[in-house]
Amino acid sequence: MEIVIVQHKDEAAKIAADIVESYVREGKTLGLATGSTPLGTYQELIRRHREQDLSFRDCQAFLLDEYVGLPRSHEQTYYQTIRREFTSHIDIDDAQVHSPDGTAEHPGEAARAYDRSIGDAGGVDIQILGIGSDGHIGFNEPTSSLQSRTRIKTLHPDTVRDNARFFDDDESKVPHHVMTQGIGTIGEARHLLLLAFGENKAEAIAAMVEGPVSAMCPASALQMHEHVTVIVDTAAASGLKHTQYYNYALENKPTWQAF
1 MEIVIVQHKD EAAKIAADIV ESYVREGKTL GLATGSTPLG TYQELIRRHR
51 EQDLSFRDCQ AFLLDEYVGL PRSHEQTYYQ TIRREFTSHI DIDDAQVHSP
101 DGTAEHPGEA ARAYDRSIGD AGGVDIQILG IGSDGHIGFN EPTSSLQSRT
151 RIKTLHPDTV RDNARFFDDD ESKVPHHVMT QGIGTIGEAR HLLLLAFGEN
201 KAEAIAAMVE GPVSAMCPAS ALQMHEHVTV IVDTAAASGL KHTQYYNYAL
251 ENKPTWQAF
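Spelled out as structure tokens, the structure:
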């Protein structure tokens, strides 16, 4: 893992955008996450599209997950969220922004079909990720199989409680089932880019980077990936014990080796 520790979210967004831009300019396939964590990166990429002619027209994108049962017109679907926050502001063809079909009559079959569609497209080149305070990535909660594929998951009550803020603080309105890429699916992306900010993520980041590989911290599976970049602020990095090594390794990286 490449561990990049920064002082502020703005700095993280610029570094992350630099990494993503290198793939965009080659027309590569993007893996997109929703939530508050990647918003700064998306805003920076939008700025570069508008001010620096960064074009996404040759790219396609796949989303990590989707609620089961919400119509696509619902403002809290990830189908709508990624368009509202990112893709409608750039020049990617809307038909090239793919997401799981949470309205399918047979969700399990739809999940498997979505998993196959990623492979049929040649796989994801750069996957943006966040991490939950319990170490989940996508909606792969603790105890998820580290080889899991895109499937239906039941949300943990804590996750339902956390997501209630998007549903008028009413837990009864939060769908309890989601369709999510599995850890095995996520791990097939060629480059994983994980962002985390705030002290509430410190324990999860420490477990992911320095703890054992365990289903109790699904993100720890990233230790086995060949190319992971983790960008965290100092608060999220506060639980790490070996920051001196991470900074040294990054600063002394061969100049020919890009992120």
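The sequence shown begins at 1 in my numbering and counts up one residue at a time.
Idealized CB from N, CA, C, for every residue including glycine.
A direct Cα-to-Cα measurement between L70 and T243 gives close to 42 Å.
DSSP links Y67 through a beta bridge to V178.
Judged by their CB atoms, E51 and A17 are not nearer to each other than the 7 Å cut-off. Per the coordinates, the alpha-carbon of V213 lies some 34 Å from the alpha-carbon of S172.
The shortest C-alpha to C-alpha distance from H89 to any of I231, I15 and F56 is the one to F56. Collapsing the DSSP output to three states places G138 in coil.
The residue from T87, H191, D120 and G182 with its alpha-carbon nearest to that of M1 is H191. By the C-beta criterion, the region 139-159 is judged to be in contact with the region 174-188, since at least 3 inter-stretch pairs fall below 8 Å. The beta carbon of F167 lies closer than 7 Å to those of Q76, K173 and V174 in the same chain, with the five residues before and after it left out. A distance of 7 Å or more separates the beta carbons of G130 and C217.
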